[in-house]
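Below is one structure, written out as structure tokens, with a few remarks after it.
Residue numbers (our numbering): 22 to 207.
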């Protein structure tokens, strides 16, 4: 009933104690409402001491600062319990790390040819230019009658695409290309 009256009046109300034994309702003005710590102490059945509250607030502040400092610290470096080299020594052996760390050297000679002669000393640009020149040379060295056949196939294809039967045009082009392939010397 007290809570209903306080709610209608717009006044904060807090209940303490056990129902039917020592139940009490605290009504306060809005300007003088108790803090959370004071309400918690009254609900536990303790008397409220403002000096003790300051001490508790100070302790909470110190705990909060410690938590912030811990979060800002760098995490500790992970140190494993055992050395993996020792753990897997039966698989990799003792000398494997030394062998892997050794600088690899090429053979000085492949058969009768020195390895220095086998190395490509050209730059990337020079290599790309050589590849392009080989492609151009291959393109311009087309057999004389293959150009004639290519022009025939394109002419036949253009004529047949205008007709209604596309399948037959592809068939004719395939026949001409097979004929050209049989004529070109290898």
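Glycine included, each C-beta is placed from N, C-alpha and C at the ideal position.
Please read all numbers here as calculations on a predicted model, not as lab measurements.
CA nearest to the CA of residue i, picked from the options
i	options	result
residue 71	64, 58 and 82	58
residue 51	114, 143, 78 and 30	30
residue 63	79, 48 and 38	38
residue 42	66, 48 and 61	66
residue 48	32, 110, 99 and 143	32
residue 104	143, 92, 115 and 151	115
Cutoff 7 Å; reference residue i; Cβ partners in own chain excluding five residues on either side
i	result
residue 172	Its pLDDT being 48, under 50, residue 172 is placed unreliably in this model, and the coordinates cannot settle the point.
residue 111	none
residue 153	none
residue 150	none
Integer Cβ distance of residue i from residue j, believed to fall under 8 Å
i	j	result
residue 46	residue 36	5 Å
Beta-bridge pairing of residue i - partner residues as DSSP gives them
i	result
residue 130	135
residue 42	Answer is none; residue 42 lacks a bridge partner.
residue 36	46
Cβ-based neighbour list, residue i, same chain, cut-off 8 Å, excluding 5 preceding and 5 following
i	result
residue 169	Low per-residue confidence applies at residue 169: pLDDT is 47, beneath 50, and the placement is therefore not dependable, though the value from the model is reported in the following sentence. Cβ neighbours of residue 169 beyond the five flanking positions: none.
residue 28	34
residue 141	148
residue 60	35
residue 40	none
Contacts around residue i, its chain only, beta-carbon distance under 6 Å, and the 5 residues preceding and following it disregarded
i	result
residue 179	Residue confidence is low: residue 179 scores 48 on pLDDT, short of 50, so the model does not pin down where it sits. No coordinate-derived value is stated.
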